[in-house]
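**Student:** Please see the structure below; I have some questions.
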Amino acid sequence: DLDRVVGAGRHLLSLIKDTLDLSKIEAGKVELVIRPFDVAALVDDVVGTVQALAEGRGNRLIVERGPNLGAMLSDRTKLVQILFNLLSNAIKFTTLGTIRFSVDRTGEGLTFVVQDTGIGIPSDKLDLVFGAFNQADEETTRRFGGTGLGLTITRHFSEMMGGEIDVSSKL
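Take the sequence shown: its letter number 21 is residue 406 in my numbering, and every next letter is one higher.
Set out below in structure tokens:
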């Protein structure tokens, strides 16, 4: 019983945090803290956080790093949140599968890619994944939970930092 109470409490905290983040974004109150940081160390931190989640669902997490990742000048905290949102979604919707996380330097920028062998998203729902409170359908919401805010916040943060985010999927 206590495990259920703790789980429900964590879910509510996550919902409140996501709602507050979205409110700040919509009010224009989010500020970026731009500093240089080591990209390989950032990848290590993110992978260290999600590795146990992946293993808990029987998933294999494959990490691929391009050569010469070097440093990046950006908001490290928001980039960590973006990558955590993407990876935790991939893990949540994949069971006994594979999640591939790659990072590579492309010209003067960096490309981060998250791929999974999960359930996929119907093509007619792809336009909705970045909208607030949207999920593929009610069955997915009941089965997997979540607020439908993670990808909305992720897109806003990506665009605020001068990046782009895109999705492709098949069932």
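Note that CB positions come from ideal geometry on N, CA and C, so glycine has one too.
Is it buried or exposed for LYS463, if we count other Cβ within 10 angstroms and need 16 for buried?
**Tutor:** Buried, by the Cβ-count rule.
**Student:** Please classify SER508 as buried or exposed, where buried requires at least 16 neighbouring CB atoms within 10 angstroms.
**Tutor:** With fewer than 16 Cβ atoms within 10 Å of its Cβ, SER508 is classed as exposed.
**Student:** Which of the three DSSP states is assigned to GLY535 in this structure?
**Tutor:** Of the three classes helix, strand and coil, the one that applies to GLY535 here is helix, per DSSP.
**Student:** Using DSSP's beta-bridge definition, name the partner residues of VAL552.
**Tutor:** Its beta-bridge partners do not exist; DSSP assigns none.
**Student:** Taking its Cβ as the centre, do 16 or more other Cβ atoms sit within 10 Å of ILE476, making it buried, or is it exposed?
**Tutor:** ILE476 should be labelled buried.
**Student:** Nearest-angstrom Cα distance between PRO452 and ARG490?
**Tutor:** Going by the C-alpha atoms only, they are around 8 angstroms apart.
**Student:** Contact between the region 444-451 and the region 408-422: three or more CB pairs below 8 angstroms?
**Tutor:** Counting Cβ pairs under 8 angstroms, fewer than three are found: no touch.
**Student:** Below 8 angstroms on the Cβ atoms is my contact criterion, and I expect THR434 with LEU534 to pass it. Report the Cβ-Cβ distance as a whole number of Å.
**Tutor:** 19 angstroms between Cβ atoms; not a contact.
**Student:** Using a Cβ-Cβ cutoff of less than 7 angstroms, which residues in the same chain neighbour ARG528 once the five nearest sequence positions on both sides are dropped?
**Tutor:** Its pLDDT being 49, under 50, ARG528 is placed unreliably by the model, and nothing is read from it.
**Student:** Compute the beta-carbon to beta-carbon distance between ARG445 and THR483, rounded to the nearest angstrom, for a pair I have assumed lies under 8 angstroms.
**Tutor:** That pair is a contact at about 5 angstroms.
**Student:** Could you check which residue in ASP388, PHE486, SER473, ILE447 has the C-alpha nearest to that of THR539?
**Tutor:** The shortest Cα separation from THR539 among ASP388, PHE486, SER473, ILE447 belongs to SER473.
**Student:** Taking all protein chains shown into account, do 16 or more other C-beta atoms lie within 10 angstroms of the C-beta of THR496, making it buried, or fewer, making it exposed?
**Tutor:** Exposed.
**Student:** Between ALA456 and ASP423, what straight-line distance do the alpha-carbon atoms span, to the nearest angstrom?
**Tutor:** Rounded to whole angstroms, ALA456 to ASP423 spans 4 angstroms at the Cα level.
**Student:** Nearest-angstrom Cα distance between ALA425 and VAL432?
**Tutor:** Spanning the two alpha carbons is a distance of roughly 11 angstroms.
**Student:** Relative to the C-alpha of GLY503, which candidate in ASP388, LYS555, ALA412, LYS409 has its C-alpha closest?
**Tutor:** Among ASP388, LYS555, ALA412, LYS409, the Cα nearest to that of GLY503 is on LYS555.
**Student:** Please classify MET546: does DSSP put it in a helix, a strand, or coil?
**Tutor:** In this structure, MET546 counts as coil in the three-state DSSP scheme.
**Student:** Within the same chain, show all residues whose beta-carbon is closer than 6 angstroms to that of VAL498, passing over the 5 residues directly before and after it, in chain order.
**Tutor:** Excluding residues within five positions, the ones whose Cβ falls inside 6 angstroms are SER487.
**Student:** Determine the extent of the alpha helix (DSSP H) in which ALA439 is found, giving its start and end residues.
**Tutor:** Element bounds for ALA439: 424-441.
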